[in-house]
Amino acid sequence: PYIEPLNCHDLGHMNMVCPHCRAYHWITEHLVASSNFHPLFRKCCDQGQVHLPLMHKPPKTLKSLWDNGTSDSIEFCMNVCCYNAAVTFMFLGVEINHRVNMQGHHAPYAQWLKQLSQCLHVFH
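Every number in the numbering used here is 1119 more than the matching position in the sequence shown, counting from 1.
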């Protein structure tokens, strides 16, 4: 049987650009006091009040994992989200349960986690 599609709320295109930080927004996010023709936004940079410093160059070890195309680099790029989550939990003081993570295999991420945590300490 035919089922009528659910009504969807369409936000339109995210094509409005903050004039201060160049962040993209939906038009409905603009400040009420601004117009649709010249929209202003507060959620990104508070109308130019917040400035983020430029990022430092990554350490050579980390940069090579992104750039050099070796098998280690490819493996790193495929799993970087998992590594990021694991490093985040390390900073929260959570201990990794290696019995669960290894599941009968060696843990190829262990060395990368160590290097990533060392890289992060370089930045702080």
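Backbone N, C-alpha and C fix where the C-beta goes; we use that ideal spot for every residue, glycine too. Since we're looking at a predicted model, the values are computed, not measured.
Could you tell me if residue i is buried or exposed, where buried requires 16 or more neighbouring beta carbons within 10 angstroms of its beta carbon?
i: F1156; result: exposed
i: A1152; result: exposed
i: H1149; result: buried
i: C1137; result: buried
i: A1205; result: buried
i: L1173; result: exposed
i: L1125; result: exposed
i: L1171; result: exposed
Excluding the 5 residues preceding and the 5 following residue i in the sequence, name in chain order all residues of the same chain whose CB lies nearer than 7 angstroms to its CB.
i: G1131; result: W1145 and I1146
i: L1159; result: H1149, L1150, S1153 and Q1166
i: G1223; result: Residue confidence is low: G1223 scores 49 on pLDDT, short of 50, so the model does not pin down where it sits. Its coordinate-derived value is still stated next. Here the set comprises nothing.
Leaving out five residues on either side along the sequence, give the residues of the same chain with a beta carbon under 8 angstroms from the beta carbon of residue i.
i: W1185; result: P1177, S1192, F1195 and C1196
i: H1243; result: Model confidence at H1243 stands at a pLDDT of 45, short of 50, so the residue's coordinates are unreliable and nothing is read from them.
Residues in the same chain with beta-carbon distance under 6 angstroms from residue i, minus the five sequence neighbours each way, listed in chain order, please.
i: C1163; result: C1137, C1140 and A1142
i: K1135; result: According to the sequence as given, residue 1135 is Met; it is not Lys. Counting only Cβ-Cβ distances below 6 angstroms, and skipping sequence neighbours, we find H1144, I1146 and P1158.
i: C1201; result: none
For residue i, write down the residues that DSSP places opposite it in a beta bridge.
i: V1136; result: Y1143
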